[in-house]
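A short write-up of the structure that comes next.
Residue numbers (my numbering): 1 to 88.
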(Lines of atoms letter the chains of each structure in order from A and count residues from 1; the text may use other names and numbers.)
(Lines give C-alpha, C1' and ligand atoms only; values in the text may rest on other atoms or scores of the structure.)
Protein backbone atom coordinates (compact mmCIF):
# COMPACT_ATOMS: atom_id res chain seq x y z
CA UNK A 1 0.00 0.00 0.00
CA UNK A 2 1.29 3.44 -0.88
CA UNK A 3 2.13 5.85 1.91
CA UNK A 4 0.78 9.35 2.42
CA UNK A 5 3.80 10.90 0.72
CA UNK A 6 3.24 8.84 -2.43
CA UNK A 7 -0.51 9.56 -2.44
CA UNK A 8 -0.14 13.32 -2.01
CA UNK A 9 3.10 13.66 -4.02
CA UNK A 10 4.46 15.89 -1.26
CA UNK A 11 6.36 15.55 1.99
CA UNK A 12 4.51 18.35 3.74
CA UNK A 13 1.21 20.12 3.32
CA UNK A 14 -0.19 23.24 4.96
CA UNK A 15 -3.94 23.13 5.53
CA UNK A 16 -6.08 25.87 6.98
CA UNK A 17 -8.77 24.67 9.38
CA UNK A 18 -11.44 26.41 11.40
CA UNK A 19 -11.19 27.14 15.12
CA UNK A 20 -13.15 24.02 16.10
CA UNK A 21 -11.08 21.53 14.09
CA UNK A 22 -9.93 18.24 15.58
CA UNK A 23 -7.41 15.63 14.51
CA UNK A 24 -10.28 13.47 13.22
CA UNK A 25 -11.67 16.40 11.25
CA UNK A 26 -8.27 16.95 9.64
CA UNK A 27 -7.96 13.27 8.74
CA UNK A 28 -11.39 13.38 7.10
CA UNK A 29 -10.43 16.58 5.26
CA UNK A 30 -7.26 14.90 3.95
CA UNK A 31 -9.36 11.95 2.77
CA UNK A 32 -11.74 14.24 0.91
CA UNK A 33 -8.93 16.28 -0.61
CA UNK A 34 -6.78 13.36 -1.77
CA UNK A 35 -9.44 10.77 -2.56
CA UNK A 36 -10.07 7.12 -1.95
CA UNK A 37 -6.43 6.07 -1.82
CA UNK A 38 -5.83 8.43 1.10
CA UNK A 39 -9.02 7.27 2.82
CA UNK A 40 -7.91 3.65 2.45
CA UNK A 41 -4.48 4.56 3.84
CA UNK A 42 -5.82 6.44 6.88
CA UNK A 43 -8.98 4.52 7.78
CA UNK A 44 -9.84 0.87 8.35
CA UNK A 45 -12.81 0.22 6.03
CA UNK A 46 -14.35 -2.28 8.47
CA UNK A 47 -14.49 0.16 11.39
CA UNK A 48 -14.14 3.58 9.72
CA UNK A 49 -11.58 4.41 12.42
CA UNK A 50 -8.00 5.51 11.86
CA UNK A 51 -5.71 2.56 11.21
CA UNK A 52 -4.19 1.26 14.42
CA UNK A 53 -0.76 0.68 12.87
CA UNK A 54 -0.30 4.36 12.00
CA UNK A 55 1.06 6.77 14.60
CA UNK A 56 -0.48 10.24 14.71
CA UNK A 57 1.70 12.83 16.41
CA UNK A 58 0.39 16.31 17.16
CA UNK A 59 3.21 18.73 17.89
CA UNK A 60 5.46 15.76 18.67
CA UNK A 61 3.03 14.00 21.05
CA UNK A 62 0.91 10.96 20.32
CA UNK A 63 -2.73 12.00 19.96
CA UNK A 64 -3.57 8.97 22.11
CA UNK A 65 -1.72 10.63 25.01
CA UNK A 66 -3.66 13.89 24.60
CA UNK A 67 -7.38 13.58 23.82
CA UNK A 68 -7.36 10.95 21.09
CA UNK A 69 -8.74 11.91 17.71
CA UNK A 70 -10.96 14.51 19.38
CA UNK A 71 -7.85 16.55 20.19
CA UNK A 72 -8.37 20.15 19.10
CA UNK A 73 -6.02 21.77 16.61
CA UNK A 74 -4.58 25.23 17.07
CA UNK A 75 -3.35 27.66 14.44
CA UNK A 76 0.22 26.41 14.64
CA UNK A 77 -0.48 22.67 15.04
CA UNK A 78 1.68 20.15 13.22
CA UNK A 79 0.31 16.66 12.62
CA UNK A 80 2.69 13.88 11.61
CA UNK A 81 1.39 10.61 10.24
CA UNK A 82 4.03 7.98 10.88
CA UNK A 83 3.79 4.59 9.15
CA UNK A 84 5.03 1.45 10.89
CA UNK A 85 8.78 0.96 10.83
CA UNK A 86 10.30 -2.39 10.00
CA UNK A 87 13.75 -3.69 9.50
CA UNK A 88 16.52 -4.86 11.67
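Backbone N, C-alpha and C define an ideal beta-carbon position, used for all residues, glycine too.
Spanning the alpha carbons of residue 8 and residue 72 requires a straight line of approximately 24 Å.
In summary, residue 58 is buried, with 16 or more beta-carbon neighbours lying within 10 Å of its beta-carbon over all protein chains present. In the structure shown, residue 72 adopts extended strand secondary structure according to DSSP, grouped into three states.
For the beta strand (DSSP E) assignment, the uninterrupted runs of no fewer than 3 residues enclosed by the stretch 16-71 are, from N- to C-terminal side, 55-58. Here DSSP, grouped into helix, strand and coil, assigns residue 14 to coil.
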